[in-house]
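Take a look at the structure below.
2 protein chains.
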Amino acid sequence: MSDEKLTPRNVDFSEWYNQIVLRAELADYAPVRGCMVVRPYGWALWENIQQALDKRFKETGHVNAAFPLFIPMSFLEKEKEHVEGFSPELAVVTIGGGEKLEEPLVVRPTSETIIGAMYSKWIQSYRDLPVLINQWGNVVRWELRTRLFLRTLEFYWQEGHTAHATEQEAREETMRMLNVYADFAINEAAVPVIPGVKSATEKFAGASMSTTIEAMMQDTRALQSGTSHFLGQNFAKAFNIQFLDENNTLQFCWTTSWGLSTRFIGAIIMTHGDDQGLILPPRLAPIQAVIVPIFKSDLESAPVMEAVTRVQAELKAAGIRLKVDDRTEVTPGFKFNDWEMRGVPLRIEIGPKDVEKSSVALARRDRPGREGKSFVPQAGLAATVADMLTDIQKSLLERATAFRDSHIFDPKDYAELTEVVQNGWALSYWCESTECEAKVKEDTKATTRCIPLDQEEGHGKCIVCGKDAKHKVYFAKAY
Amino acid sequence: MSDEKLTPRNVDFSEWYNQIVLRAELADYAPVRGCMVVRPYGWALWENIQQALDKRFKETGHVNAAFPLFIPMSFLEKEKEHVEGFSPELAVVTIGGGEKLEEPLVVRPTSETIIGAMYSKWIQSYRDLPVLINQWGNVVRWELRTRLFLRTLEFYWQEGHTAHATEQEAREETMRMLNVYADFAINEAAVPVIPGVKSATEKFAGASMSTTIEAMMQDTRALQSGTSHFLGQNFAKAFNIQFLDENNTLQFCWTTSWGLSTRFIGAIIMTHGDDQGLILPPRLAPIQAVIVPIFKSDLESAPVMEAVTRVQAELKAAGIRLKVDDRTEVTPGFKFNDWEMRGVPLRIEIGPKDVEKSSVALARRDRPGREGKSFVPQAGLAATVADMLTDIQKSLLERATAFRDSHIFDPKDYAELTEVVQNGWALSYWCESTECEAKVKEDTKATTRCIPLDQEEGHGKCIVCGKDAKHKVYFAKAY
Numbered sequence: 001m002s003d004e005k006l007t008p009r010n011v012d013f014s015e016w017y018n019q020i021v022l023r024a025e026l027a028d029y030a031p032v033r034g035c036m037v038v039r040p041y042g043w044a045l046w047e048n049i050q051q052a053l054d055k056r057f058k059e060t061g062h063v064n065a066a067f068p069l070f071i072p073m074s075f076l077e078k079e080k081e082h083v084e085g086f087s088p089e090l091a092v093v094t095i096g097g098g099e100k101l102e103e104p105l106v107v108r109p110t111s112e113t114i115i116g117a118m119y120s121k122w123i124q125s126y127r128d129l130p131v132l133i134n135q136w137g138n139v140v141r142w143e144l145r146t147r148l149f150l151r152t153l154e155f156y157w158q159e160g161h162t163a164h165a166t167e168q169e170a171r172e173e174t175m176r177m178l179n180v181y182a183d184f185a186i187n188e189a190a191v192p193v194i195p196g197v198k199s200a201t202e203k204f205a206g207a208s209m210s211t212t213i214e215a216m217m218q219d220t221r222a223l224q225s226g227t228s229h230f231l232g233q234n235f236a237k238a239f240n241i242q243f244l245d246e247n248n249t250l251q252f253c254w255t256t257s258w259g260l261s262t263r264f265i266g267a268i269i270m271t272h273g274d275d276q277g278l279i280l281p282p283r284l285a286p287i288q289a290v291i292v293p294i295f296k297s298d299l300e301s302a303p304v305m306e307a308v309t310r311v312q313a314e315l316k317a318a319g320i321r322l323k324v325d326d327r328t329e330v331t332p333g334f335k336f337n338d339w340e341m342r343g344v345p346l347r348i349e350i351g352p353k354d355v356e357k358s359s360v361a362l363a364r365r366d367r368p369g370r371e372g373k374s375f376v377p378q379a380g381l382a383a384t385v386a387d388m389l390t391d392i393q394k395s396l397l398e399r400a401t402a403f404r405d406s407h408i409f410d411p412k413d414y415a416e417l418t419e420v421v422q423n424g425w426a427l428s429y430w431c432e433s434t435e436c437e438a439k440v441k442e443d444t445k446a447t448t449r450c451i452p453l454d455q456e457e458g459h460g461k462c463i464v465c466g467k468d469a470k471h472k473v474y475f476a477k478a479y
Numbered sequence: 480m481s482d483e484k485l486t487p488r489n490v491d492f493s494e495w496y497n498q499i500v501l502r503a504e505l506a507d508y509a510p511v512r513g514c515m516v517v518r519p520y521g522w523a524l525w526e527n528i529q530q531a532l533d534k535r536f537k538e539t540g541h542v543n544a545a546f547p548l549f550i551p552m553s554f555l556e557k558e559k560e561h562v563e564g565f566s567p568e569l570a571v572v573t574i575g576g577g578e579k580l581e582e583p584l585v586v587r588p589t590s591e592t593i594i595g596a597m598y599s600k601w602i603q604s605y606r607d608l609p610v611l612i613n614q615w616g617n618v619v620r621w622e623l624r625t626r627l628f629l630r631t632l633e634f635y636w637q638e639g640h641t642a643h644a645t646e647q648e649a650r651e652e653t654m655r656m657l658n659v660y661a662d663f664a665i666n667e668a669a670v671p672v673i674p675g676v677k678s679a680t681e682k683f684a685g686a687s688m689s690t691t692i693e694a695m696m697q698d699t700r701a702l703q704s705g706t707s708h709f710l711g712q713n714f715a716k717a718f719n720i721q722f723l724d725e726n727n728t729l730q731f732c733w734t735t736s737w738g739l740s741t742r743f744i745g746a747i748i749m750t751h752g753d754d755q756g757l758i759l760p761p762r763l764a765p766i767q768a769v770i771v772p773i774f775k776s777d778l779e780s781a782p783v784m785e786a787v788t789r790v791q792a793e794l795k796a797a798g799i800r801l802k803v804d805d806r807t808e809v810t811p812g813f814k815f816n817d818w819e820m821r822g823v824p825l826r827i828e829i830g831p832k833d834v835e836k837s838s839v840a841l842a843r844r845d846r847p848g849r850e851g852k853s854f855v856p857q858a859g860l861a862a863t864v865a866d867m868l869t870d871i872q873k874s875l876l877e878r879a880t881a882f883r884d885s886h887i888f889d890p891k892d893y894a895e896l897t898e899v900v901q902n903g904w905a906l907s908y909w910c911e912s913t914e915c916e917a918k919v920k921e922d923t924k925a926t927t928r929c930i931p932l933d934q935e936e937g938h939g940k941c942i943v944c945g946k947d948a949k950h951k952v953y954f955a956k957a958y
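Note that the protein sequences, when read in sequence, are chains A and B.
Residue 204 in my numbering is what sits at position 204 of the first sequence, and the numbering runs on without skipping anything.
The number in my numbering is simply the position in the second sequence, starting from 1, with 479 added.
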């Protein structure tokens with residue numbers, strides 16, 4: 001599996017990415033065009049992502065539920081922008097139980113419409129509000145060009161759908177969930193995303209306003225990593241989601257939706273990986289540390305394995321997600337490469353000399369070779385390992401942040417903008433006109449990624465047309 | 480919601496069931512024929528079921544993964560019995576991205592075929608075995624007559640798929656997972672299922688042998704509540720799942736599959752519920768105890784709410800899943816009915832007199848009225864509540880077991896068999912011929928449910944034809 005070298009990132013980033021996904025056994029191509037199989041190691045990573053997010057959703061008052069996979073075609077047609085956005089991407093069931101269906105059923109590309117239909121039934125009074133529901137599940141979008149995790153016909157995600165009595169509450173919810181995503185990305189995945197507002201061109205089909213967290217990959221392209229939408233009363237009006245307010249007046253609800261998908265696994269790979277393979281942030285890694293026993297003879301084996309068993313018990317008791325690689329058919333060197341490919345944050349080597357000295361060798365995945373190696377006493381190892389995992393988590397975030405910041409530019413004019421977006425992001429004033437946005441895209445393939453929330457009040461001249469502009473926007477090539 | 484009386488079980492069991500599902504807000508009808516929406520309270524119950532099972536799967540060495548929703552039609556056709564069994568029930572995608580597909584895609588009714596195709600790619604050597612993968616997800620079967628949870632077009636389940644080097648290992652795995660299901664049903668859900676082997680007629684399409692856990696509902700019908708299948712080499716041969724054994728000889732794998740679905744929620748409802756509503760086993764209940772504050776004036780409110788807050792903190796700290804019903808727009812009596820409908824195992828009432836006496840009133844959901852009521856000191860309440868929840872769990876199992884055992888009969892002849900299956904199960908010797916099985920079904924609508932594992936070695940005369948028979952089987956009407 002892992003005895004061949006990866007194609008280096010600077011030779012072919014895209015090929016490097018595909019090789020990691022396959023060779024770290026995160027996912028595989030399914031026998032259906034554009035679909036993927038998420039393998040156990042990849043799914044364990046997704047389960048950890050799910051847990052970290054689900055905890056945050058529940059802490060902010062949300063509950064989970066499940067809505068149908070199939071949506072009547074007529075539902076999608078009720079919201080004009082929504083159907084225009086999604087109709088080219090639909091998978092359609094036309095036969096059920098051997099018979100042609102009277103009304104074709106769409107395999108959900110997203111669930112605003114069917115959930116809207118249910119909310120119109122469940123919500124009667126202001127006392128029923130807010131409704132704060134999330135769903136974990138699969139959706140299907142018929143994409144033509146697909147990449148494992150980044151863009152597949154079927155993908156896994158969560159989609160939150162909330163209904164509120166007032167516009168302000170719905171706007172607050174939109175921003176609350178954007179912040180939940182940013183907090184998750186930065187503090188769990190060590191992916192230093194930038195939260196901001198999408199342009200009208202880039203927003204979700206049917207939304208009044210979309211927000212996003214944007215991450216910079218190591219090829220400097222942007223990856224939209226999670227989105228939170230303020231839907232205004234668009235879906236409430238299309239699906240008749242109404243309530244009697246405290247004055248007994250019938251009102252339309254204000255709704256939001258927000259989602260984060262298995263695409264995020266792509267963000268983790270392309271933020272942290274190196275030419276040896278995947279590097280996983282310790283807080284999300286399915287295996288945080290791997291123990292590799294080292295011995296050459298049966299004589300050496302017994303004391304080494306005795307130490308391994310002891311260390312294993314101690315680390316497990318401390319809650320560290322651990323694997324002992326006791327394969328006999330491969331060499332320690334093969335194992336080192338194998339676990340480096342899979343991105344396990346920390347390797348613990350135990351050989352006869354370590355047993356003698358009551359020590360172990362630690363190798364940090366984020367610092368290759370000697371630099372990342374240390375020899376520490378077996379006494380107090382659980383604490384040493386926990387501290388080092390915390391440090392690796394921190395270092396990964398610092399490194400990714402430094403990379404990102406060194407590839408964000410403030411071009412002085414349009415000519416410079418067209419240059420810097422070839423190998424970075426431009427943060428520039430923009431007049432918010434679709435024309436200027438389109439010109440940049442045509443000239444450079446860069447799109448507006450987001451108007452970052454974190455910017456000083458101010459104004460300047462649009463980098464494209466020179467007109468007055470209130471906000472800076474990120475221009476970047478994107479996945 | 481809950482101020483109307485349920486239709487009693489003895490008036491119309493089926494109507495009673497439907498009303499509980501809707502009024503306890505477990506699920507609702509979706510706007511797509513035969514599909515359901517699992518509402519937050521129902522989904523929280525399912526999440527607890529998932530956790531209890533997933534823990535057991537991982538303890539027995541299994542890992543989770545995700546395989547595609549779509550299966551090429553040609554895959555299903557590779558296993559003859561399998562396609563015959565499932566083809567009347569398929570939902571078929573014929574259009575993708577606006578174009579007619581060259582090969583129609585089936586929405587998975589179960590995943591043996593697509594997983595088989597992947598296993599043939601992943602498994603090369605005996606060192607790769609066993610493969611022990613489970614998947615949590617949704618499947619679709621185009622049923623004509625549907626019931627919420629019991630039989631819906633789309634349902635949620637887990638499906639385990641394992642591949643082994645030897646027949647014996649695969650048979651052991653089949654029984655291991657059957658036992659996991661039985662253990663879960665009995666010890667988590669208090670549903671006293673009977674594990675056994677399915678007849679050839681009742682087995683899974685494509686299996687060599689199917690096993691099942693069968694539960695008796697309060698109308699004495701049987702509900703198949705989970706199944707585990709030994710697939711022999713049927714799918715290995717259809718999908719070419721081969722490995723090189725230790726002697727370097729190419730062999731076909733032996734495979735198993737096993738599943739338990741949201742149907743199990745139906746089993747819980749119909750095993751434990753009463754004419755006041757749902758009764759949930761404490762180990763799975765999303766809310767184990769509800770606190771209802773009782774006061775008539777603002778003057779009374781302050782000390783009561785102070786006690787409520789204190790008790791709430793103490794119980795939460797003890798890990799009890801708790802809800803405080805502090806609604807002001809409804810009466811305590813309305814709340815009692817409401818939480819009884821939702822099957823919360825324990826109600827804690829706190830009023831001014833309780834505050835005076837430093838006590839609370841407890842009302843057990845499993846014993847209606849005075850019998851289930853007790854007054855206990857606030858001191859040590861967490862332990863009192865935990866003990867009572869344990870006792871409720873135990874009592875529910877005992878009651879369901881007593882009900883089941885009092886409705887299992889040992890008819891002396893065929894005439895008596897046809898009578899007893901009208902209101903119970905018959906446990907009788909059967910010659911294992913399809914003819915005798917079919918005759919019982921024609922005469923009584925009862926089918927063979929399972930040959931129970933737990934029976935003495937022996938032999939007797941088939942209750943239908945009088946020929947020699949080695950095993951007893953359960954005959955019963957079923958869902």
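Here a beta-carbon is modelled for each residue, glycine too, at the ideal position from N, C-alpha and C.
Remember, predicted model here, so these are calculated numbers, not experimental data.
Straight-line CA distance for residue i to residue j?
i, j, result
"aspartate 507 of chain B", "leucine 501 of chain B", "6 Å"
"lysine 237 of chain A", "glutamate 172 of chain A", "20 Å"
"aspartate 866 of chain B", "aspartate 128 of chain A", "35 Å"
"glutamate 17 of chain A", "glycine 521 of chain B", "Contrary to the premise, residue 17 of chain A reads as tyrosine rather than glutamate in this sequence. One C-alpha to the other measures close to 40 Å."
"arginine 742 of chain B", "aspartate 219 of chain A", "48 Å"
"arginine 364 of chain A", "lysine 682 of chain B", "52 Å"
"aspartate 12 of chain A", "aspartate 275 of chain A", "11 Å"
"alanine 222 of chain A", "valine 464 of chain A", "20 Å"
"threonine 680 of chain B", "tyrosine 958 of chain B", "16 Å"
"threonine 788 of chain B", "lysine 802 of chain B", "11 Å"
Residue i by DSSP, collapsed to three states: which one?
i, result
"histidine 938 of chain B", "coil"
"threonine 447 of chain A", "strand"
"glutamine 533 of chain A", "No information on residue 533 of chain A is available, as it lies outside the stretch 1 to 479 that chain A covers here."
"arginine 327 of chain A", "coil"
"alanine 222 of chain A", "strand"
"valine 385 of chain A", "helix"
"isoleucine 843 of chain B", "The sequence shown places arginine at residue 843 of chain B, not isoleucine. Correct three-state label for arginine 843 of chain B: strand."
"valine 47 of chain A", "As written in the sequence, residue 47 of chain A is glutamate, which differs from the valine given in the question. Looking at glutamate 47 of chain A - three-state DSSP - the assignment turns out to be helix."
"isoleucine 720 of chain B", "coil"
"aspartate 12 of chain A", "coil"
Can you pull out the residues from the segment 84-104 of chain A whose beta carbon lies closer than 8 Å to at least one beta carbon of chain B?
Ser87, Pro88, Glu89, Leu90, Ala91, Val92, Val93, Thr94, Ile95, Gly96, Gly97, Gly98, Pro104
Against chain B: residues of the segment 387-407 of chain A by CB proximity under 8 Å
If you check each beta-carbon in the segment 387-407 of chain A against every beta-carbon of chain B, none falls closer than 8 Å.
Give a yes or no on contact between the segment 245-265 of chain A and the segment 110-125 of chain A, applying the rule of three or more CB pairs nearer than 8 Å.
At 8 Å Cβ cutoff, the stretches touch.
Name the residues in the segment 406-435 of chain A whose C-beta lies less than 8 Å from a C-beta of chain B; which are they?
Of all residues in the segment 406-435 of chain A, none has a Cβ within less than 8 Å of some Cβ in chain B.
When Cβ atoms are compared, which residues of the segment 56-73 of chain A fall closer than 7 Å to chain B?
Val63, Asn64, Ala65, Ala66, Phe67, Pro68, Leu69, Phe70, Pro72
Are the segment 153-160 of chain A and the segment 188-203 of chain A touching by the rule of at least three beta carbon pairs closer than 8 Å?
At 8 Å Cβ cutoff, the stretches do not touch.
Count Cβ pairs between the segment 768-787 of chain B and the segment 810-827 of chain B that sit closer than 8 Å; are there 3 or more?
yes
Check whether the segment 793-813 of chain B and the segment 899-910 of chain B touch, using three or more Cβ-Cβ pairs below 8 Å as the test.
no
Under 8 Å (Cβ pairs) to chain B, residues found in the segment 19-34 of chain A
Asp28, Ala30, Pro31, Val32
At 4 residues or longer, what runs of the alpha helix (DSSP H) sit wholly inside the segment 252-320 of chain A?
263-272, 298-317
Fully enclosed by the segment 52-109 of chain A, which beta strand (DSSP E) runs are 3 residues long or longer?
70-72, 91-96, 99-107
Return the chain-ordered ranges of every beta strand (DSSP E) run that is complete within the segment 595-662 of chain B and spans a minimum of 3 residues.
610-619, 633-643
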